[in-house]
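In my numbering, the protein residues as written are 4 to 292.
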C-alpha cells in the first residue's frame, strides 16, 4: 500500500504532466439538437474561415445527422462573422494541385449540404462573404440578423466564386442581380438582401437570428418529411421533375394521412422517412428558391 507521502508525490507529478500537455483544440463546429427533430450546427472558430480542417469537420457532422432530424440550422457563435470565406493564409501555402483538391473538397461538402433531404436554414448575422455566402447559398433558406453583410468579392482578389456561387446565386436572385453582385463585388446589407431575395427572412424584432431560424424550422415541420424532400428535388427544375416527384408520393402513406387529417380537422401524424435511401452526394441546384 502506498504511503501518504508517496501518494502526494504521485499526484503532484501527474498534475505537472497534465498541465504540460498542450490544450485540446477548440472545436471548429459544434453539433447540437435543440429539439429531437432540429439539428443545429454552430460555427465556432474566430473567423469561421473555410480551411481544410473546417471543411472536414462540416462533412463529418453532415454525415452524422440523426434520422430524426427534420430541419438543420447553421449559424455562427460570433455575432460579427457568419463565415468570412476561404482561409487566405492557408491558400497562400497551397500548391496548384493542392488548391484544386481544396476546391474539390469544398464543393463536395457544399453539395452534400445541398443534398440533405430536409430543409436547411442559414442563420446569418455578421459577414457572409465569398465562400461564406456560398455556404449560405447551399442552404434552402437564409435568415438574416441586423448585422448581416453579404457579398461575393472574389473578382477583387483575382479569382471567381469556386464553390457554387456563380450558379447558385442566379438561381436565388435572378441573373441580372447576380451579375451586379458578382461583377462589382459589392456588399449588401440586411434590407437589400431581403428585398432582392438573397435572404428569405429577417430576424423578428426582439429575436436573435437563431431564434427566428428555429421558428422557421418549426414551420417546416408541419409538412410531411417526404413531401419536403420531394420539393427540394423538383423546385425550379421543370414540369418533368415535378411530375416524377409527385408520382413518387402517390403510394406514400402520408398522402392519405394528410387527406384524412384534413377531413377530420386534426394535425396529421406523418410516418414517412425523408432520410430513407439518402446516401449523400451532389446536391445539384440545392438552395434554389
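Note that beta-carbon positions come from the ideal geometry of N, C-alpha and C, so glycine has one too.
State the Cα-Cα distance for the pair residue 50 and residue 134, rounded to the nearest angstrom.
-> Here residue 50 refers to the residue found at position 47 when the chain shown is read from its first residue. Here residue 134 refers to the residue found at position 131 when the chain shown is read from its first residue. Each residue's Cα considered, the two are about 12 Å apart.
Identify, in the order they occur along the chain, each residue of the same chain with its Cβ nearer than 7 Å to the Cβ of residue 277, setting aside the five sequence neighbours on each side.
-> The sequence position of residue 277 within the chain shown is 274, counting from 1. Here the set comprises 120, 121, 228, 229, 231 and 232.
Return the chain-ordered ranges of every beta strand (DSSP E) run that is complete within the segment 218 to 261 and spans a minimum of 3 residues.
-> Correct list: empty.
Might you give, ordered along the chain, the residues of its own chain that have their beta carbon closer than 8 Å to the beta carbon of residue 64, omitting 5 neighbours on each side?
-> In the chain shown, residue 64 corresponds to position 61, counting from 1. The residues are 32, 34 and 44.
What residues in its chain sit with their C-beta under 7 Å from that of residue 61, if we drop five residues either side in the sequence?
-> Your numbering for residue 61 matches position 58 in the chain shown. So the list reads 32 and 112, once near-sequence residues are dropped.
Could you say which of 217, 55 and 143 lies nearest to residue 90 if we only look at CA atoms?
-> Taking the first residue of the chain shown as 1, we reach residue 90 at position 87. Ranking the options by Cα distance to residue 90, first place goes to 55.
Can you give the Cα-Cα distance for residue 116 and residue 141, rounded to whole angstroms?
-> For the purposes of this step, residue 116 is identified with residue 113 of the chain shown, where counting begins at 1. For the purposes of this step, residue 141 is identified with residue 138 of the chain shown, where counting begins at 1. Distance between the alpha carbons of residue 116 and residue 141 is about 6 Å.
What residue from 109, 220 and 41 has the CA that sits closest to residue 168's CA?
-> By 1-based counting over the chain shown, the position of residue 168 is 165. Out of 109, 220 and 41, 109 has the C-alpha closest to the C-alpha of residue 168.
By the 10 Å Cβ neighbour count, where 16 or more other Cβ atoms means buried, how is residue 163 classified, buried or exposed?
-> Numbered from its first residue, the chain shown carries residue 163 at position 160. When all chains shown are included, residue 163 counts as exposed.
By DSSP, does residue 207 sit in helix, in strand, or in coil?
-> Mapped onto the chain shown, residue 207 falls at position 204. The answer is coil: DSSP assigns residue 207 none of H, G, I, E or B.
Residue 273 beta carbon less than 7 Å from that of residue 257 | As a first step, residue 257 is located in the chain shown; it is residue number 254 there, counting from the start. As a first step, residue 273 is located in the chain shown; it is residue number 270 there, counting from the start. A contact, by the Cβ cut-off of 7 Å.
Residue 200 to residue 47, Cα distance in whole Å?
-> Counting from one through the chain shown, the residue named residue 200 turns up at place 197. Counting from one through the chain shown, the residue named residue 47 turns up at place 44. Their Cα atoms are separated by approximately 27 Å.
State yes or no: is the C-beta of residue 185 within less than 7 Å of the C-beta of residue 155?
-> As a working note, residue 185 is residue 182 in the chain shown. As a working note, residue 155 is residue 152 in the chain shown. Yes; because the gap between Cβ atoms is below 7 Å, this pair is in contact.
Got a sec? Which residues, its chain only, sit under 8 Å from residue 93 by beta carbon, not counting five neighbours each side?
-> Locating residue 93 in the chain shown gives position 90, where the first residue counts as 1. For residue 93, where only same-chain residues beyond five positions count, the Cβ hits under 8 Å are 52, 54 and 55.
So which of 96, 74, 248 and 211 has the shortest CA-CA distance to residue 81?
-> Start at 1 with the first residue of the chain shown, and residue 81 comes out as number 78. It is 211 whose Cα lies nearest to the Cα of residue 81.
What do you get for residue 58, buried or exposed, if any count of 16 or more other CB atoms within 10 angstroms of its CB means buried?
-> Reading the chain shown from its first residue, position 55 is the one you call residue 58. It counts as buried.
Tell me whether residue 2 is buried or exposed, calling it buried when 16 or more other Cβ atoms sit within 10 Å of its Cβ.
-> The question about residue 2 has no answer here: the residues shown for the chain are numbered 4 through 292.
Decide if residue 265 is buried, meaning its Cβ has at least 16 other Cβ atoms within 10 Å, or exposed.
-> One-based indexing of the chain shown puts residue 265 at position 262. Residue 265 should be labelled exposed.
Given residue 129 as reference, the closest of 39, 279, 190 and 255 once Cα atoms are compared = Counting from 1 along the chain shown, the entry for residue 129 is found at position 126. Out of 39, 279, 190 and 255, 190 has the C-alpha closest to the C-alpha of residue 129.
Within its chain, find whatever has a CB closer than 7 Å to the CB of residue 177; leave out the 5 residues flanking it on each side and keep chain order.
-> For the purposes of this step, residue 177 is identified with residue 174 of the chain shown, where counting begins at 1. Contacts found: none.
Alpha-carbon spacing of residue 279 relative to residue 216, whole angstroms | Translated into the one-based positions of the chain shown, residue 279 becomes position 276. Translated into the one-based positions of the chain shown, residue 216 becomes position 213. Distance between the alpha carbons of residue 279 and residue 216 is about 25 Å.
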